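Counting in our numbering, the sequence shown runs from 71 upward without gaps. Everything on this sheet refers to the single structure shown next.
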Amino acid sequence: MSAPQKLVLASGSPRRIELLQQAWIEPDRLLPSDVDETPLKAEHPRSLAKRLSRSKAEKALERLKAEGEDSAEAFVLAADTVVAVGRRILPKAEMIEEASSCLRLLSGRSHRVYTGLCLATPKGKLRQKLVESRVRFKRLSREEIDAYLASGEWRDKAGGYGIQGLAGTFVVKLVGSYSNIVGLPLYETVGLLTAEGYKVHPNWRSGSR
Numbered sequence: 071m072s073a074p075q076k077l078v079l080a081s082g083s084p085r086r087i088e089l090l091q092q093a094w095i096e097p098d099r100l101l102p103s104d105v106d107e108t109p110l111k112a113e114h115p116r117s118l119a120k121r122l123s124r125s126k127a128e129k130a131l132e133r134l135k136a137e138g139e140d141s142a143e144a145f146v147l148a149a150d151t152v153v154a155v156g157r158r159i160l161p162k163a164e165m166i167e168e169a170s171s172c173l174r175l176l177s178g179r180s181h182r183v184y185t186g187l188c189l190a191t192p193k194g195k196l197r198q199k200l201v202e203s204r205v206r207f208k209r210l211s212r213e214e215i216d217a218y219l220a221s222g223e224w225r226d227k228a229g230g231y232g233i234q235g236l237a238g239t240f241v242v243k244l245v246g247s248y249s250n251i252v253g254l255p256l257y258e259t260v261g262l263l264t265a266e267g268y269k270v271h272p273n274w275r276s277g278s279r
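Right, dumping it as C-alpha cells:
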C-alpha cells in the first residue's frame with residue numbers, strides 16, 4: 071500500500087489557501103517561510119518572483135528536516151507574487167502611505183503581476199514556473215483612492231490592492247490568469263502538482279473535500 075500523499079504549503083496566506091481549496095486541495099500543513107523579500111540591485115520583477123518562491127520552498131524544507139520530519143514524503147509548494155510597473159517593483163503595502171503611492175502610480179495605466187511557483191517533490195526535485203498577467207486600471211479619482219484606503223483592503227497586499235475585493239472595480243482590462251493576480255495561478259499550480267505525481271482529482275470523483 072502506497073504512503074498517503076502530503077502537501078505542505080510554504081505560506082500562511084488566506085488567499086492562497088482559499089484558492090487551493092477552490093480546487094478541493096487541502097494542505098496538510100502550513101509552513102510560512104520568513105525570507106527577506108527585498109529586491110536585489112537592478113533585479114527584474116520576474117527574477118524576484120522566481121528567486122523568492124524558491125527561497126520559500128527551500129526554507130520550508132529546512133524546517134521540516136530540522137523538526138525531524140521526513141521531507142521525502144512531502145510535496146512542498148511555495149509561491150511569491152510581485153506587482154510591477156515596467157521594471158519598478160511595487161511594495162507589499164504595510165503602511166497607508168505605501169498603498170496610496172501604489173494606487174496613484176497604478177491609476178490609469180497598465181501593470182504586470184508575476185507569480186513564481188516552486189514545488190519541491192518527494193523525489194528531491196525542485197520544479198519552478200513563472201506566471202504573468204497584465205492589468206489595466208481606470209483613472210482613479212482622489213475620492214476613490216481615499217475611500218479604498220479607508221477600507222483597509224490594501225493591507226499586506228502586493229501593489230497595495232486586492233483584485234478579489236473592492237479594487238476589482240478599478241480593473242478596465244485583464245490579460246492572463248485572474249487567480250495569478252489573487253496570489254496563486256490555479257491552472258499552473260494544479261498542472262505542476264499533477265505532473266509530479268500529486269493526485270488532485272480523487273476528491274473530485276468522491277464528491278468530498
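Even for Gly, the Cβ is constructed at its ideal location relative to N, Cα and C. It should be emphasised that the depicted structure is a prediction, and the values quoted were computed from it without experimental measurement.
Excluding sequence positions up to five before and after Ile215, its CB lies within less than 6 Å of the CB of Leu173, all in the same chain and listed in chain order.
Inter-residue distance for Gly246 and Glu96 is about 25 Å (C-alpha atoms, whole angstroms). In the DSSP assignment, Ser180 forms a beta bridge with Arg206. The C-beta separation of Trp224 from Ala163 comes to about 5 Å, placing the pair in contact by the 8 Å criterion. For Leu262, DSSP records no beta bridge to any residue.
Apart from the 5 residues on each side of it in sequence, Ser221 sits with its Cβ closer than 7 Å to the Cβ of Leu236 in its chain, given in chain order.
Non-local beta-carbon contacts of Tyr257 in its own chain, meaning distances under 7 Å to residues more than five positions away in sequence, involve Ser247 in chain order. Beta bridge pairing from DSSP links Val241 with Phe207. In this structure, Lys120 places its C-beta atom within 8 Å of the C-beta atom of Gln198.
Within the same chain, Cβ atoms closer than 7 Å to the Cβ of Arg86 are found at Leu79, Ala149, Gly253 and Leu254, the five residues on either side in sequence being excluded.
Cα atoms of Pro84 and Gln91: separation of roughly 10 Å, rounded to the nearest angstrom. Here the alpha carbon of Arg116 sits roughly 26 Å from the alpha carbon of Pro192. Contact annotation, Thr151 with Thr185: C-beta distance approximately 5 Å; criterion of less than 8 Å satisfied. Note on geometry: alpha-carbon atoms of Glu137 and Glu128 lie some 14 Å from one another.
For the pair Gly230 and Arg204, the Cα-to-Cα distance works out to about 16 Å. Of the candidates Gly194, Leu187 and Ile251, the residue whose Cα lies closest to the Cα of Gly261 is Leu187. Closest option to Pro102, judged by alpha-carbon separation, among Arg133, Ile166, Arg179 and Ile159: Arg133. Going by DSSP, Lys76 is part of the beta strand (DSSP E) stretching over Lys76 to Leu79. Look at Val146 here: in three-state DSSP terms it is strand.
CA-to-CA, the gap between Leu89 and Lys111 works out to about 32 Å.
By the beta-carbon neighbour count (other beta carbons within 10 angstroms, threshold 16), His271 is exposed.
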